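One structure is given here, and the rest of the page talks about it.
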Amino acid sequence: MDDFKARRAILDVVVKLENKGFNHVSTGNVSCRAGGGILITPTGGNSANTTPERIVRLDDDGKVIGGGVPSSEWHMHTSILRAFPVANAVVHTHADACVALSCLRKPLPAFHYMVAGFGGNDVRCARYATFGTADLALSAVEALRDRTACLLANHGMIAMGKTLEAALNTTIKLETLARQYLTALQSGEPVLLSPEEMERVGRRYGNYGVGLLPG
Ligand SMILES: [Zn+2]
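Numbering-wise (the numbering used here), the sequence shown opens with residue 1 and increments by one.
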């Protein structure tokens, strides 16, 4: 994707996240590969204060190219794009249900077959680390192994995809499932699908080419 198109596409995702109520003032951030480096939302960025020109360009190691201050979570974005070459875009939010579930520090289990769409039998919760640190980036990379998204303990969620649209869709699906799981928990203990059934579902997802299964 060319530079300007990518900047517009990132802003598009920021607007969509806000319209869904996933970001509160400026709590989320979005990045993608473009032009041999990485473009990322600026610190404190939201749809009201961010223009395409304010999107920050980084090299693959996170060094700012051409000015601007990147999102405080640039470590997490650049580490994920380095660790998973098949991914081209990353979306991080503090969407309500994901935050709530992340505070339990438990994975989203196989309570619904769509959990298989994230690559396995669950969506892991990354161990807690302070926001904006390289340690949080490491924790997220660990939790994303063979998955397209993870929860971040006492923080929120992060998703990656082959495209910005894919990372956004994964974000929306995870928030929806997290909300549904928390709703089910209020009425009892949800029955979990067996590993065999989740494998069957995973194969069907694979057959339909849904999602990104990082190697
Ligand atoms: Zn955050």
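We treat Cβ as the ideally placed atom computed from N, Cα and C, and that holds for glycine.
It should be emphasised that the depicted structure is a prediction, and the values quoted were computed from it without experimental measurement.
query                                                                                                                                                    : result
Straight-line CA distance for V210 to K16?                                                                                                               : Only weak support exists for where V210 lies, its pLDDT of 46 falling under 50; the value from the coordinates is given anyway. About 21 Å.
Would the C-beta of C44 count as close to ligand 1, meaning under 6 Å from any of its heavy atoms?                                                       : For the record, residue 44 in the displayed sequence is Gly; it is not Cys. G44 Cβ: outside cutoff for every heavy atom of ligand 1.
Just curious, the beta strand (DSSP E) that S31 is in, first and last residue?                                                                           : N29 to A34
Look at S71 and N29 and say whether their C-beta atoms are less than 7 Å apart.                                                                          : yes
For L177, name the three-state secondary structure that DSSP assigns.                                                                                    : helix
CB H92 to CB I158, shorter than 7 Å?                                                                                                                     : yes
Could you check whether the Cβ of V14 sits closer than 7 Å to any Cβ belonging to chain D?                                                               : Considering every chain present, this structure includes no chain D. It has just one protein chain.
So C98 is in the alpha helix (DSSP H); what residue range does that whole segment cover?                                                                 : D96 to S102
Extract the residue ranges of the alpha helix (DSSP H) inside the segment 1–88, only unbroken runs of 4 or more that lie entirely within it.             : 3–19 and 74–83
Is the closest heavy atom of ligand 1 to the C-beta of G21 under 6 Å?                                                                                    : no
Between which two residues does the alpha helix (DSSP H) holding A140 run?                                                                               : A134 to A143
Relative to ligand 1, is the shortest distance from any of its heavy atoms to the C-beta of G132 smaller than 6 Å?                                       : no
Comparing the CB of G156 with every heavy atom of ligand 1, is any distance shorter than 6 Å?                                                            : yes
Indicate whether the contact test is met: 3 or more Cβ pairs, each with one atom in the segment 179–189 and one in the segment 103–112, closer than 8 Å. : yes
For D3, which option in L58, V201, G132 and A97 has the closest C-alpha, if you only look at C-alpha atoms?                                              : L58
Taking 8 Å as the limit between beta carbons, can you name the residues of its chain near V69, skipping five residues before and five after?             : P42, T43 and V56
Inspect the beta-carbon positions of G117 and D146 and report whether they are closer than 7 Å.                                                          : no
What residues match up with I158 in a beta bridge as DSSP calls it?                                                                                      : H92 and C150
For C103 versus N154, is the C-beta distance shorter than 7 Å?                                                                                           : yes
Got a sec? Which residues, its chain only, sit under 8 Å from R54 by beta carbon, not counting five neighbours each side?                                : P42, G45 and G68
Hey, A149 and R124: beta-carbon distance below 7 Å or not?                                                                                               : no
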